[in-house]
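Order-wise, the sequence lines are chains H and X. Each step along the first sequence adds one to the number in this note's numbering, with nothing skipped, and position 33 is 33. Each step along the second sequence adds one to the number in this note's numbering, with nothing skipped, and position 249 is 249.
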Amino acid sequence: MHSSNLTLSRRGVLAGSAALIALPHSALALSPDQATALIRKVVDETNKIVNSGASKAQALAQFETMFSRYADVPIIARSVLGPPWRSASGAQQQAFVAAFQGYLARKYGSEFREYRGAQIDITKAVDQGNKGVVVSTIVRFPGEAPVAVDWQVSDRSGSPKAFNLFIEGVSMLSTERSEISAILAQNRNDLDAMIAALKSRG
Amino acid sequence: MRIWNGCRESVDMTKLRPGKLLMPFGGLALMLLTACGGQTVPTATDPDPLEGVNRTVHAFNKGLDRAVLKPTSEVYVTVVPPPVRGGVSNGVSNLSEPLNVVNYTLQGNVEGAVRSFMRFGMNTVFGLGGLLDPASDAGLFEDSTDFGETLAVWGVNSGPYVELPLFGPSTVRDTFGLGVDFVADPVPRVLSSEANTYVIGAQAADVLQTRNDLARVIEALFYESADSYAATRIAYLQNRARDLNQGLALEDLEDPYAFE
Numbered sequence: 001m002h003s004s005n006l007t008l009s010r011r012g013v014l015a016g017s018a019a020l021i022a023l024p025h026s027a028l029a030l031s032p033d034q035a036t037a038l039i040r041k042v043v044d045e046t047n048k049i050v051n052s053g054a055s056k057a058q059a060l061a062q063f064e065t066m067f068s069r070y071a072d073v074p075i076i077a078r079s080v081l082g083p084p085w086r087s088a089s090g091a092q093q094q095a096f097v098a099a100f101q102g103y104l105a106r107k108y109g110s111e112f113r114e115y116r117g118a119q120i121d122i123t124k125a126v127d128q129g130n131k132g133v134v135v136s137t138i139v140r141f142p143g144e145a146p147v148a149v150d151w152q153v154s155d156r157s158g159s160p161k162a163f164n165l166f167i168e169g170v171s172m173l174s175t176e177r178s179e180i181s182a183i184l185a186q187n188r189n190d191l192d193a194m195i196a197a198l199k200s201r202g
Numbered sequence: 001m002r003i004w005n006g007c008r009e010s011v012d013m014t015k016l017r018p019g020k021l022l023m024p025f026g027g028l029a030l031m032l033l034t035a036c037g038g039q040t041v042p043t044a045t046d047p048d049p050l051e052g053v054n055r056t057v058h059a060f061n062k063g064l065d066r067a068v069l070k071p072t073s074e075v076y077v078t079v080v081p082p083p084v085r086g087g088v089s090n091g092v093s094n095l096s097e098p099l100n101v102v103n104y105t106l107q108g109n110v111e112g113a114v115r116s117f118m119r120f121g122m123n124t125v126f127g128l129g130g131l132l133d134p135a136s137d138a139g140l141f142e143d144s145t146d147f148g149e150t151l152a153v154w155g156v157n158s159g160p161y162v163e164l165p166l167f168g169p170s171t172v173r174d175t176f177g178l179g180v181d182f183v184a185d186p187v188p189r190v191l192s193s194e195a196n197t198y199v200i201g202a203q204a205a206d207v208l209q210t211r212n213d214l215a216r217v218i219e220a221l222f223y224e225s226a227d228s229y230a231a232t233r234i235a236y237l238q239n240r241a242r243d244l245n246q247g248l249a250l251e252d253l254e255d256p257y258a259f260e
């Protein structure tokens, strides 16, 4: 996008090399194939959960396990909470991540349950630099227009993890940032009260 | 085709030949036209200058949905048998295809224009005048467009987000496009006034069907969101950006690892 990003100064190159030596396991960008492999697992597990005939409660519990395994929930939670994250205590941050993970699983698990009987295909994976790899999937229902679901994947947590998803272009991070800030406002900006309220939502 | 990512080399209005239908609006369209490089749709984080009035309209729309649209649509889908409802909605959709052909053509989108043209032809000839949708069975799904999208392709900036009474989420540009589509639609010109009355009735019925089809989405946005106005705005803007971009809009990609 901005070509200036590509013009590396000598100092930049040196600093970059130093970072690579200091952190041998990080920042060696995730390949589109690795990101696709992760989303393939997510798609396969989603298919298994929604077509298994499990009850809603069982399915949502399975989705929570899936999210904790394949999504970078702490990063998503931190980004969605925004500035209040920094003023929160360590215990509050942990409590928020835990409550938020359950909320995400209930909300997006319910959405995925609607994909029962659909065919989900991975169509492409594009490296978007520091925005991670974007893996595109198409959810096809018999006789209906398909639904586009896109995933942002990164390995900056140490292993490949999804950190955002878009349903027909609508970003989970944007949507949930707006929701969490509204729930916080409803609870007079009391973080503990917001965390308690989150447990009954989604 | 990424016509939307970045700057089109030049937007030569004379080559696009909007035709005399659009001439009265030419001046306004040019006024809305902004310098190249301007973004096409506000992102979720952009300012929302009309928020005050939009929130008032949103409360009105929500009240209208709760009191009228939702209950009426529930009655409609319960009382009217599925084949009749399907026929009505297919008919309305079929009659929107000529305007889609016009807009896709103005956008220079040959694939879109051909698809809409084929859908109209197939469904009119092999689908009992449009009551059936054999085109979708053949994989040619409806993909509607509008003059707001045409203006976007021409490089017109969207202006601020607007929530319209009855019509719902829009932008200044897309509201203007809605008006142009209304007066430029070729279908009412060729139908008798009696036929047009039926079409308007069918369109009203189709709104009820659409409310029912989108029940889950509307329920989530309007009644389950902590801030239904904000949730509706984000959903509309990002979905619209995706449509205009014919793929995920790069502006909506985030890097949450860069947390300050």
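Note that CB positions come from ideal geometry on N, CA and C, so glycine has one too.
- Pairing Ala138(X) with Leu237(X), the inter-Cα distance amounts to about 31 angstroms.
- Inter-segment contact for the region 176-184 of chain X and the region 69-86 of chain H is absent: fewer than three beta-carbon pairs are separated by less than 8 angstroms.
- Contacts between Phe141(X) and chain H, judged by CB atoms closer than 9 angstroms, involve Glu144, Ala145 and Pro146 in chain order.
- The criterion of a C-beta distance shorter than 8 angstroms is satisfied by Asn103(X) and Phe147(X).
- Each residue's CA atom was taken as its position, placing Ala125(H) and Ala235(X) some 23 angstroms apart.
- At least one C-beta of chain X is nearer than 8 angstroms to the C-beta of Val134(H).
- Within chain X, the residues Glu254, Pro256 and Phe259 have their CB atoms less than 8 angstroms from the CB of Ser79(H), given in chain order.
- Shown in chain order are the members of the region 161-179 of chain H whose Cβ falls below 7 angstroms from a Cβ of chain X: Phe163, Asn164, Phe166, Glu168, Gly169, Val170, Ser171, Leu173, Ser174, Thr175, Ser178 and Glu179.
- Using a Cβ-Cβ cut-off of 8 angstroms, Ile75(H) counts as an interface residue toward chain X, since at least one Cβ of chain X sits closer than that to its own.
- Contacts with chain H (Cβ-Cβ distance below 7 angstroms) from the region 218-242 of chain X involve Ser225, Ala226, Asp227, Ala230, Ala231, Ile234, Ala235, Gln238, Asn239, Ala241 and Arg242, listed in chain order.
- Look at Ala162(H) here: in three-state DSSP terms it is strand.
- Per the coordinates, the alpha-carbon of Arg211(X) lies some 28 angstroms from the alpha-carbon of Ala59(H).
- Taking every protein chain shown into account, the CB of Gly169(H) has 16 or more other CB atoms within 10 angstroms, so this residue is buried.
- Judged by DSSP secondary structure, Pro169(X) falls within the beta strand (DSSP E) whose first and last residues are Gly168 to Thr171.
- Secondary structure of Thr137(H) (DSSP, three-state): strand.
- Closer than 8 angstroms at the C-beta level to chain X, one finds no residue of the region 31-60 of chain H.
- Within chain X, no C-beta atom comes nearer than 7 angstroms to that of Gln92(H); the closest sits roughly 16 angstroms away.
- By the criterion of at least three beta-carbon pairs nearer than 8 angstroms, the region 244-257 of chain X is in contact with the region 162-179 of chain H.
- With fewer than 16 other Cβ atoms from the protein chains shown falling within 10 Å of its own Cβ, Lys56(H) counts as exposed.
- By the criterion of at least three beta-carbon pairs nearer than 8 angstroms, the region 31-40 of chain H is in contact with the region 122-139 of chain H.
- Your pair Leu30(H) and Asp155(H) checks out as a contact, with CB atoms roughly 4 angstroms apart and the cut at 8 angstroms.
- Gly201(X) has its alpha-carbon roughly 13 angstroms from the corresponding atom of Tyr76(X).
- Where Thr124(X) is concerned, the enclosing alpha helix (DSSP H) starts and stops at Val110 to Phe126.
- Remark: three or more beta-carbon pairs, one from each stretch, lie closer than 8 angstroms, so the region 166-185 of chain H and the region 219-226 of chain X are flagged as touching.
- Between Pro160(X) and Val57(X), the gap from beta carbon to beta carbon reaches 8 angstroms or more.
- Taking C-beta atoms as the reference points, Val43(H) and Arg116(H) fail to come closer than 8 angstroms.
- Between Arg119(X) and Glu142(X), the C-beta spacing is below 8 angstroms.
- At a cut-off of 3 residues, the continuous stretches assigned as beta strand (DSSP E) that sit fully inside the region 121-165 of chain X are 161-164.
- Identification of residues in the region 129-162 of chain X having a C-beta nearer than 8 angstroms to some C-beta of chain H yields Ser136, Asp137, Phe141, Glu142 and Asp143, given in sequence order.
- Distances from the CA of Thr123(H) to each of Tyr108(H), Val147(H) and Gln101(H) were compared; the closest alpha carbon is that of Val147(H).
- Neighbours of Arg156(H) in chain X, taken as residues at a C-beta separation under 9 angstroms, are given in chain order as Tyr257.
- Taking a C-beta distance under 8 angstroms as the contact criterion, Phe167(X) and Leu178(X) qualify as a contact pair.
- The criterion of a C-beta distance shorter than 8 angstroms is satisfied by Val187(X) and Leu95(X).
- Taking C-beta atoms as the reference points, Ile180(H) and Leu104(H) fail to come closer than 8 angstroms.
- The beta carbon of Ile75(H) lies closer than 6 angstroms to those of Phe163 in the same chain, with the five residues before and after it left out.
- Per DSSP, reduced to three states, the secondary structure at Gln203(X) is helical.
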